[in-house]
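Numbering (the working numbering), first residue to last: 329 to 465. We treat Cβ as the ideally placed atom computed from N, Cα and C, and that holds for glycine. The next block holds one structure in the form of structure tokens; read it before the comments.
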Amino acid sequence: MSMDKILEYLLKNLSFIYNQYEFKFVDSMTSSSFGGDGYLTLRSDYIEIRITNDRDQLFLDFRSTEFDKDNEWHSVDLIKQLITGIIDDTSMLNDDIAASVKENFSRIRKLFDLEKATDTVMQLRKLEAERAKRLFK
Numbered sequence: 329m330s331m332d333k334i335l336e337y338l339l340k341n342l343s344f345i346y347n348q349y350e351f352k353f354v355d356s357m358t359s360s361s362f363g364g365d366g367y368l369t370l371r372s373d374y375i376e377i378r379i380t381n382d383r384d385q386l387f388l389d390f391r392s393t394e395f396d397k398d399n400e401w402h403s404v405d406l407i408k409q410l411i412t413g414i415i416d417d418t419s420m421l422n423d424d425i426a427a428s429v430k431e432n433f434s435r436i437r438k439l440f441d442l443e444k445a446t447d448t449v450m451q452l453r454k455l456e457a458e459r460a461k462r463l464f465k
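Printed below as a string of structure tokens:
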């Protein structure tokens, strides 16, 4: 069921990622634990996108294929903050965030271009540390 939820959301809100930008499906996993968890990973030349269903909540994460560590992912709220300067109070995927991703997708892709990816990853790591301080004072 977790993969059904991911695929339904992808078709409804994020199909432009593979239709318009030609990202390929490269990895997936499902599990029956916690009522059904799973993820689906899409990839282009320099960026991977992962949609995760964790305890029936959807999340959207990004990573540089060149400069991030193997299992280092950056949540969509931090990508949005990097582009807009707006701090979101959640990293859960919802229709507003999906619309923002669609609207800003060419800018998101440019963040992970080879020329900019190192700087982008460093900025995202800094935002992650700042978020941790806000949440766990």
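Alpha carbon to alpha carbon, how far is residue i from residue j?
i: T358; j: Y367; result: 7 angstroms
i: F440; j: K465; result: 31 angstroms
i: A427; j: V354; result: 24 angstroms
i: K397; j: L452; result: 13 angstroms
i: I377; j: T412; result: 19 angstroms
i: D384; j: D373; result: 30 angstroms
Using only alpha-carbon positions, find the residue among the options that is nearest to residue i.
i: S356; options: N381, F440, I375 and Q451; result: N381
i: S434; options: E350, M420, E336 and L338; result: E350
i: T448; options: V429, T418, F395 and D373; result: F395
i: E431; options: K333, L342 and L335; result: L342
i: E400; options: M450, R462 and I436; result: M450
Would you mind sorting residue i into buried or exposed? The rule is 16 or more other CB atoms within 10 Å of its CB.
i: V404; result: buried
i: D416; result: buried
i: I379; result: buried
i: T369; result: buried
i: E443; result: exposed
i: T446; result: exposed
i: S330; result: buried
i: F344; result: exposed
i: R391; result: buried
Mind checking whether residue i and residue j have CB atoms under 8 angstroms apart?
i: L406; j: R371; result: no
i: I425; j: K438; result: no
i: Y337; j: L386; result: yes
i: L455; j: L421; result: no
i: I375; j: T393; result: yes
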